[in-house]
Each structure stands twice: as structure tokens, then as C-alpha cells.
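Everything below concerns the one structure shown next.
Numbering (the numbering used here), first residue to last: 32 to 997.
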């Protein structure tokens, strides 16, 4: 056997001394060698000349591809016969002394083999494996069959057939290399090894991996350590482009169409995945690679034609050498695992930084630790905690009274929320639409076919419900039901996280866990004890659930690292917009609070004005909210419906709340007994007494005072809407006041616990007072939960606002022109009307109709119809797309008599005797009310989608690490 070595180099001086020494130390030396240097700017050429000789070094421009360099070297080497082998080497691949001998021994033992490759191990670690043969998955991923970071322990030392081997150390028969026309020029750096192996396999040649031959590879191009004109700064783009081209150029014709579609969709999903982990450059590279390959179909056709011409016989089936079909799904699970690890790692990083800060603030280890005081854990205790952490989950749960208590609380809360299971309606909650597509349509429309037609935008939460409904299998009832049933458990989770962080900011040792549990459970019951849950005010319920998460994200503004502050800004803005989608007043109050805080900060430290990372994140969080809600926010102002900024989700009017109800956390008549909320207020007052936590408790009171002043001012306002008159929504302020009171109470309780445990003796009255306060405090969550389980009432009964006979409801579903005019009231007390279309007024449509301006023409028609109806009035009903007229119970006799006598109205049956109904016997105009999506709406929807993606990307944790650059 004659072995001719070909070494290709480009700026590899840092590795070449070791590589050349490895070639010289081979147990079986090469017979001859040639090197191709592609425009190196370092001393690579000189190093190779010293080793190979001047005549054995060929110079080529820096734009020379690896396939072209190999072809140039083959032209320089005269053929020596059929038994000549070509050994390919990279300037960053150091062969083990026995590598070539092992490859040749395997070639002798397996005469059918035409291509052989070594085991690749990482350089400089030397033990971690990179490749033991390589193949490709249906999605274009390079598959090695190795676990991430797997070390070489001899577990893969079997000589076996593979699809391809890396060109770093590849041993190939020269005649086979020339018969296949070498490597494909269209694969300049990456992917040419898999493409060559695939072509060789299809032509009937055998490729073996020989693990006994070891080559240490630095993977300089793949890791981005070395840049060349061929790789540039976008290594991922080159690799992905090579993978797409390789698959499309070599796959069987019958699979080409399906693979083309799959790769396109897969690339889009990969791009979204990179965006979710804030790897924007990789996402752009993914898109660029897809566009490059799919934008030049002629290259793929030429490559497939060239491969077909070179085959002398029927192609060999290589499916057994390709990666299994399930491999991409495993990688998807790995990605989710990486994302979860990144989130947990980020939390762990925050915890470590807090722990480091806590250790730095703690006294020296020799300081005296007072009886009862908590102290830093010793090494033995840390080992014990680690051992305990490894025990079974069930054992840990059963030995943790707090975990049992919280689990019991959640279970009882789910039992108490049993009225929320299934489709619920009543109170402030309208029936849900028939399908999630109705929510999507409502969100996309610029003109809604509601009533007589309106341009008032759909509420912002409709998009949230549409997304959740799509995830939950297209069931609108499941969305509203899940919100109401899971409100308390999810609020508990958010409150626990927030109080734990706030406690550590105030006390490095953190809050006592039972105090933390009291605060979390007390706040978790606020949506219920306030009465919002029983009245179906899902906006306030959602706000109470989201507010702790908003506050938790906003605490990131105090992070010492600017990058984390900006990330907290995007996260806060996203959560704030989500909260404002249900209760827009959240954003208005946040603007006021931010202005006060920033002004105070600048007054204390004017230097903050020069630090953009100090005032920029809060400004970004507030400024991004209108952009995230643009399809609702902009039309709300342009249609003169700005009153919607002071309302919440659900039916109007909103119940009034006096000062006592606000202070006790109550809304309406379905709340818990007032004294439960009063206890929280009293405890918050007592919390200001301890000096240790007086400052943070005072801050809580300042926030509460600001909220109370704004709530008092809004209490003097009455919003006169086209459909009704209502006071502004005060649910937000009830949640804020109760939440701030809970935070103040737990901080004060922490101070009391520290005071009682850090001192050796205490007067009996202090211990008695603390015990009494603890008992009184425990009554709040226990009493609230017991009231909800036993005595709470709700308004989830049959919806009667627009009750019409079933046949009319079915007819209205067939088209927007088959509306039902529902008239209520009497001549003495006044008449009101509403037009029912489609499936009636559903969740998401109440707010639109409440803000929609009055249709003067329809009002004149209804007024004339209920006083002195004429045939023209009846004809006008048909032109407005109204098929039936319903006079709801109790029907006014004079109005009913007039309608009975009206020409063109035919009496119709009604399910209730006290209700009268008529059918309009006139042609119905099909286009009277129609849905439209204007170009302006499309612009706002695109803007919203772009900002949502941007916010998700900027607020997400980072999974991938940036490659090192030289």
C-alpha cells in the first residue's frame, strides 16, 4: 500500500507544530506528502516547508475551497497504481502515533472498504469524543451517535460501517476519490464529508470507522476560532446551508418533495427556537441559509443530475446508514431540557449572587451566635442537606409540614372553585363564543358586525384568550373555566415567589417560611374574598394573578448588571401589557408610580440622569405596553372611546365601591365578611411599629396611599358611555391595597420573629402579644377559605340578558343579516334596545358594544316603531338586517299593541308568555352589517406581532453560548 498524505492549511500556525510532529511520529510513515496552503497570513507555509520540503508545498489563494485544495494536490501527485491511498489531514487535526497504522490494518482486514476514518477526540482536552463516524438526520442535523460531552472509555471501539467519516484523518482509495470526482465544490468548508460518504455509499462503496485510530481535532472552523473568507463571521449559516444542500442533493427522488417541505417548516421552527433563547444571530443565519438554498434551485438540480450521471448502476439503498426518524424528536426534547436548565440556571445564578452578597454582609465566623438565631450552615450541615435533597420526593413531601399545608390549601381551593368547572356565565361574565375562531376573528377585524356595526376595537385580552384557546384544543369554555378554577393556585405561586424575593431584599436570611406561607395564601384569596370571583369579574381575577409576577419582574430594575436590568425591562413590559389587557388602568397607574419614583430618584441622585441603564429600563417597560397592545390602543383613541382605559373586562356597569369597601378589599355584595380584610389592614398598621423593617413598610404605605388617592379621585367620576353609565373600575386598587397590606404585614412579622428569636429573654406581654397577633393573622386565610367552601355565593347562573327563543337564536347563526332586535322596559320607565347577531353577546363583545357610539338612525327607527310604527319603519328593519323583534318580559301592552298592528310585522311565538315576538316580513339586506379588516388594522397587527416576538426574545434566558473568537 502506498499512502499519499494531503494536508490543507489556512492560518493554522498555532496547531501546525503539533500536527506536523504527529505526522512524523507515525508508526507507519507516509510514502509521500503534499500540502496546500490557502493564503495564510501567519507562518503556516514556512512551518510546512520545513517539514515537507519546498516543492511539496502548493500555494493557493485564500478563496480556495477545501474540495478545490484537494483536487489541486491530487493533480500535483502522480498516480502510483490501484493500491494508492490518500490520507487527508487538516492543520488543526493532530493524529495519534498509531492512527495511520490502525487505518491500514483495518483496510487489510476489510478489503471491501474504500473509505476509512478515525475516532475524533477533542483537542486540547484529548479525552472527550467528537465523532466515531457521522451521519445526518432528516432535519439536516449532523449526527455522531454520541452523548453531549461523552468521554472516551472504549465504549465505541468497534469497527463498523457508517455513512461518512470526517475529512480530518480520512483514508480513501485514490481511484474511488477520483471516480466520484472528489468533494463537491459547492460545499466549500462544511458538509463535504457527509456528501462524499453519501455519494460513495450510493455508488456501492463501503465506509468504515476505525476507533483504534485516533485523531485529535480542534474544530477551529466549526467553533469560530478561525475565520476565513469562506466561513466569515456566520459559521452557523455555512453549516446550515451545507446541511440543506446535502440533503436535497442526495435524497431519493420519491422523497424530495416531502423533504423540501419538511426542511422549510423545520427551518422556520428552528429559527423561532433560536429566537426564544435570545440567539438572534443564529436565527438570522437559519433564515439566510434557507433562502440561499431555496432561492437557487438550479444548483440543487445540477448537483442531483451530476450524481445521477456518475452512477454506473442502480443506486444502493443507504437508509440503514442515515439517522433514525425519531432522532429530531429527541433533539426537540433536549432543546426543551436546555431551555428549562437555562431558566433554572438563571434563577440559580440570582440565588448564588444573593448568597454571595449575604455572606459578604455576615459577620466573621468567630462571631457569637445568639440562642435561637439562624446562622450560616456548616460544611457538615450542607452535606446533610445535600444528602436530604437526594432522598425521594415523597419522603421529602411527607416530612415537610409546610408542603402538606400548602397542598391541602390548593386542593381545598380547587374544591371551593367547583362552580367554575365547565362553561360558566352570569354576572359580569357573558357566555363564551362557540369556537376559538370567533375570538381570532374579533381580534383581526377593524369593523365588527355587532349591533348596527362598529369600529370600536376588540379588547386586548381577546388575543390572550384566542392563544390559550388554541393551545387548549379550541375550547373557549376551557379558557374561562381554567382562569377561574386555577386563579387561586396560580396567584399563590406568584405571591410566594414575590414575597420570597422581597423578604431576602429586606432580610438576607429571608422570611420565615410560615410567615411566607401566610402572606402567599392570604393574597391568593383576594380574588375570591373581594367578590370579583363570585361576580365573574375575570379581569380583576386575572389581574390579581398577574400582579405578583409583574412586581417580581420589576425588581430586576435594581440588579447591578445593566444587561439584566434591560432584560427585566422587556419582561416587565410584557407582563404589564398582559395585565393591562384585562385591566387597562394598571398601565396608567404604573405611569404615575414610575414618574414619582424616577423624580424622587433624580432628586436624591442627579447623576442618574446620565446613566441610561438606570432610567431606561423602567421607561422601556412602560413604553412597550402601547406597542404590545397597538391593535386595541390606537383604535380606542381614534374612535373616541378613551373611556375604555378606565374600565375592566366584562359586562358593565361596574359596581360602586365606597371607602370602607376599598380599605377592606371588597367589591360588590358577593365578597367575604368585611372583618377578614379589616384584619389585614390592622396588621399592616401594626407592621410599621418594628424599627428593623420600618423603612420598607413605610414604602408599602406610600404605595398604598398613592393608590388610595387615585381611587378616591376616580370614585368621584362617572363615565357616561353610549350604552350605559358606570363608575370607573376600582378592582385594580382593591388588589393593590390588599397586596401592599400583605407585603407590609409579612415584613413586620419578620421583624417581630427576629426580635423574639435573637434576644435571650422577653417580657411575657411581648410573647403574649406576638402569639395573639399570630392567631388573629391565621384567621384571615383560614376564615377566607372556610367562607369560600361553605358560605360563598356566586352569579354563575343562567344568562338572561338577551334570552330569545331557540329558533331565533338558530336563525341568527346563519348570517349577520338575520339579527334580532330585543327591546326592554316600558314607556313610563324608558325603553332600551340591543341587536343580537350570530350567537349573541359573548366574552369579548361586551366592551365593544358598551363603547360603541349610538346609531342615531336605528334609534329613530326603534323610537318610531315603539310609538307609532309605519311600514317604512318595518322596511328599515329589513335594510338593517333585522329579522325578528322581541319585546322582553314584562312586555309593555301599549308597545305590543302598536307592533301587532304594524304592517309588515308577523306575530311569532315566544317561549315566555310575558314575552312578545314578531317576524319582519320584508326583504333582509345581506350586506347591512359586515366584517372588515382594513389596511390600517393589518399594520397594527403586524406591529403587535413583531413587538411580541421581540419582547419574548429579549426577555428569554440565553441557552447557547457565544463561540470564542480569535
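No residue lacks a Cβ here, since even glycine has one placed at the ideal position from N, Cα and C. The structure presented is a predicted model; accordingly, all values stated were derived computationally and were not measured.
Per-residue burial, residue i [other beta carbons within 10 Å of its own, 16 or more giving buried]
i, result
"residue 863", "exposed"
"residue 313", "buried"
"residue 431", "exposed"
"residue 452", "exposed"
"residue 751", "exposed"
"residue 507", "buried"
"residue 46", "buried"
"residue 592", "exposed"
"residue 316", "buried"
"residue 919", "buried"
"residue 435", "exposed"
Spatial distance of residue i from residue j (CA atoms)
i, j, result
"residue 464", "residue 609", "21 Å"
"residue 48", "residue 150", "21 Å"
"residue 756", "residue 880", "13 Å"
"residue 602", "residue 575", "18 Å"
"residue 248", "residue 597", "39 Å"
"residue 865", "residue 852", "6 Å"
"residue 390", "residue 474", "For residue 390, the pLDDT reaches just 44, beneath the cut-off of 50, and the residue's location in the model is therefore unreliable, leaving the point undetermined."
"residue 394", "residue 547", "Any reading at residue 394 needs caution, since the residue's pLDDT is 41, under 50, leaving its predicted position unreliable; the model's value is listed next. Spanning the two alpha carbons is a distance of roughly 26 Å."
"residue 217", "residue 586", "52 Å"
"residue 735", "residue 775", "10 Å"
"residue 887", "residue 478", "18 Å"
"residue 323", "residue 669", "43 Å"
"residue 749", "residue 758", "5 Å"
"residue 438", "residue 723", "32 Å"
"residue 753", "residue 485", "12 Å"
"residue 292", "residue 333", "20 Å"
Residues of its chain near residue i, where Cβ-Cβ distance is below 7 Å and the 5 sequence neighbours each way are ignored
i, result
"residue 232", "194, 238, 347, 349 and 352"
"residue 673", "667"
Local conformation of residue i per DSSP, three classes
i, result
"residue 508", "helix"
"residue 844", "coil"
"residue 145", "strand"
"residue 181", "coil"
"residue 752", "coil"
"residue 281", "helix"
"residue 62", "coil"
"residue 68", "strand"
"residue 966", "helix"
"residue 811", "helix"
"residue 947", "strand"
"residue 40", "strand"
"residue 192", "strand"
"residue 456", "coil"
Own chain partners of residue i with C-beta closer than 6 Å, once the 5 adjacent residues on each side are dropped
i, result
"residue 727", "537 and 778"
"residue 201", "119 and 148"
"residue 954", "909"
"residue 259", "41"
"residue 491", "612, 660 and 663"
"residue 306", "314 and 984"
Min CB distance residue i to chain D below 8 Å
i, result
"residue 766", "Among the protein chains of the structure shown there is no chain D, as only one such chain exists."
Pair within 8 Å by beta-carbon distance, residue i and residue j
i, j, result
"residue 320", "residue 268", "yes"
"residue 289", "residue 170", "no"
"residue 936", "residue 916", "yes"
"residue 443", "residue 516", "no"
"residue 811", "residue 710", "yes"
"residue 43", "residue 127", "no"
"residue 925", "residue 858", "yes"
"residue 245", "residue 124", "no"
"residue 519", "residue 489", "no"
"residue 567", "residue 827", "yes"
"residue 459", "residue 681", "yes"
"residue 624", "residue 737", "yes"
Contacts around residue i, its chain only, beta-carbon distance under 8 Å, and the 5 residues preceding and following it disregarded
i, result
"residue 92", "69 and 70"
"residue 144", "137, 138, 237, 238 and 239"
"residue 433", "544, 545 and 548"
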